[in-house]
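In what follows, a single structure is set out as structure tokens and then discussed.
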Amino acid sequence: MAWCFRDIRRHMCMLMRQNFAKSCEKKLNDQINMELKASHQYLAMAYHFDRSDISSPGMHRFFLKASAEEREHAEKIMTYMNKRGGLIILSSVPQPLPCFANSLDALKHAMKMELEVNKHLLDLHALAGKEADPNLCDFIEANFLQEQVDGQKILADYISQLEKAQSQVGEFLFDKYMGSGMHPAK
Ligand SMILES: [Fe+2]
Ligand SMILES: [Fe+2]
């Protein structure tokens with residue numbers, strides 16, 4: 001059977017493929033699509049908080065940066081996929097939730113999303129271990145696991161601070177005073 005140009009190119013790609021299970025390739029594609037979905041959702045959130053009737057420039061900047069970071073994550077995995085001789089398959093990105101009642105609501109949704117992404121990364125890492133793929137384990141550990149945990153701590157801090165500002169104003173303000181450096185020797 002005659003090979004078309006695409007098949008030949010694909011075969012050349014496969015020549016350098018080694019110890020890269022199909023199951024890992026599929027899970028990596030799922031991860032790419034999860035990152036792009038998160039990027040799309042954060043972009044929607046960023047411009048929701050930029051609306052003139054909402055006007056929260058801090059939230060706008062935070063979610064805009066988050067959106068760019070998720071796209072970077074997707075591209076990092078796509079670059080890796082090509083290095084391993086895998087085939088990138090992008091799916092359509094679901095429509096993001098269009099608006100949120102307030103900042104707390106949006107931050108809680110972001111936390112839920114990050115925990116889902118982290119769960120998928122941990123599953124991917126476990127699969128790479130099961131398939132005896134140390135290169136993939138190393139890639140996930142070096143580029144994603146710690147950054148995920150750091151990001152989740154930041155979100156949890158923002159949620160706690162905002163909840164405190166809403167329900168325990170005295171506690172919230174007193175902590176700002178404690179952190180103000182008014183008595184640096186103590
Ligand atoms: Fe991410
Ligand atoms: Fe993230």
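For the sequence shown, position 153 (counting from the first letter as 1) is numbered 153 according to the UniProt record's numbering, and the numbering increases by one without interruption. Built from N, CA and C at the ideal position, the CB exists for glycine as well. These figures come from a predicted structure and were not determined experimentally.
How would you call residue 99, buried or exposed, if buried means at least 16 neighbouring beta carbons within 10 angstroms?
Counting Cβ neighbours within 10 Å, residue 99 comes out exposed, since fewer than 16 surround it.
Can at least three beta-carbon pairs, one atom from the stretch 61–71 and one from the stretch 25–41, be found at a separation below 8 Å?
With a cut-off of 8 Å, the stretch 25–41 and the stretch 61–71 count as touching, because enough Cβ pairs lie within range.
By how many angstroms is the C-alpha of residue 151 removed from the C-alpha of residue 115?
If you take the alpha carbons of residue 115 and residue 151, they lie about 10 Å apart.
To the nearest angstrom, report how far apart residue 19 and residue 125 are at their CA atoms.
If I take the Cα positions, the gap works out to 15 Å.
Which residues in the same chain have their Cβ closer than 6 Å to the Cβ of residue 48, if we skip the five residues on either side of it in sequence?
Contacts found: 99.
Run the proximity test for residue 35: is its beta-carbon closer than 8 Å to any non-hydrogen atom belonging to ligand 1?
Yes, ligand 1 has a heavy atom inside 8 Å of this Cβ.
Is it true that the CB of residue 81 sits closer than 9 Å to the CB of residue 87?
Closer than 9 Å, so yes.
Have a look at 21, 15, 14 and 17 and flag the residue whose alpha-carbon is nearest the alpha-carbon of residue 129.
Of the candidates 21, 15, 14 and 17, the one whose C-alpha sits nearest the C-alpha of residue 129 is 21.
What would DSSP say about residue 131, mapped onto helix, strand or coil?
Coil at residue 131, not helix or strand.
Roughly how many whole angstroms lie between the Cα atoms of residue 169 and residue 56?
Taking the straight line joining both Cα atoms gives about 20 Å.
What residue range does the alpha helix (DSSP H) around residue 187 cover?
Not covered by the structure: residue 187. The range shown for the chain is 1 to 186.
So that I know if they touch, is there some Cβ in chain B lying closer than 9 Å to that of residue 6?
The chain inventory of the structure shown lacks chain B, comprising one protein chain alone.
Any heavy atom of ligand 2 closer than 8 Å to the CB of residue 73?
The answer is yes for residue 73.
Suppose the cutoff is 6 Å on Cβ atoms and the five residues either side in sequence are ignored; what does the same chain contact list for residue 118 look like?
Within the same chain, residue 118 has close Cβ partners 148.
By Cβ distance, which residues of its chain are closer than 7 Å to residue 143, with the 5 residues on each side in sequence left out?
Once the five neighbours on either side are set aside, the close Cβ partners of residue 143 are 76.
Would residue 154 be called buried (16 or more neighbouring beta carbons within 10 Å of its own) or exposed?
Label assigned to residue 154: exposed.
In chain order, what residues of the same chain have a beta carbon less than 7 Å from the beta carbon of residue 50, not counting five sequence neighbours either side?
The answer, listed in chain order, is 60.
Could you check if residue 29 is buried or exposed, using at least 16 other CB atoms within 10 Å of its CB as the buried criterion?
Buried, since its Cβ has 16 or more Cβ neighbours within 10 Å.
Have a look at residue 73 and residue 180 and give me their C-alpha separation to the nearest angstrom.
So the two alpha carbons sit approximately 36 Å from each other.
Tell me whether residue 192, by its Cβ, gets closer than 8 Å to a heavy atom of ligand 1.
This structure does not reach residue 192, given that the chain is present from 1 up to 186, and the question cannot be answered.
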